[in-house]
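The opening residue of the sequence shown carries number 45 in this note's numbering; numbering runs sequentially from there.
The beta-carbon is built from N, C-alpha and C at its ideal position, and this holds for glycine as well.
Only a predicted model underlies this, so the values are computations on that prediction, with no experimental measurement involved.
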Amino acid sequence: MTRNKNSIWFLSSYGIALILLLYFGLNGLIVNTLSDVFPNARFIIILALIIIVAWSIGLGVRQYLNGFTKDTRNKIKKSFLGITVLSWIIVLILFSVT
45 MTRNKNSIWF
55 LSSYGIALIL
65 LLYFGLNGLI
75 VNTLSDVFPN
85 ARFIIILALI
95 IIVAWSIGLG
105 VRQYLNGFTK
115 DTRNKIKKSF
125 LGITVLSWII
135 VLILFSVT
């Protein structure tokens, strides 16, 4: 039961981290694209941070998935895919609202 509870916490944390990364990262890139000088240092720094954070999240997910058997791993991969799509939809809604 604790393994299932940990899966829910990890999936929730992944979803929240992905929403925050996408919203603030894309928002920062858009704002810096509309500035007078492009590409500027802030744009490059934000782009590098997005890549580093996304890579770190991916490594964490990969390490987490390695602890499961093959059947369970496939089920959790599908959950991660669903959370990823849901996160993108939420970010798109946030951009359309703000």
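Asked                                                                                                                                          : Found
In the DSSP assignment, the alpha helix (DSSP H) including Leu78 goes from what residue to what residue?                                       : No alpha helix (DSSP H) contains Leu78, which DSSP labels as neither H nor E.
Between which two residues does the alpha helix (DSSP H) holding Thr116 run?                                                                   : Lys114 to Val141
Between the alpha carbons of Arg86 and Ile60, how many angstroms are there, rounded?                                                           : 24 Å
If we count Cβ pairs, one from each stretch, closer than 8 Å, do we get three or more for the segment 128 to 141 versus the segment 99 to 116? : no
Starting from Gly111, follow the alpha helix (DSSP H) in both directions and report where the run begins and ends.                             : Unbroken run through Gly111: none, as it is neither H nor E.
Quick check on Phe124 - is its C-beta less than 8 Å from some C-beta in chain B?                                                               : Although the question refers to chain B, the structure presented lacks it and comprises just one protein chain.
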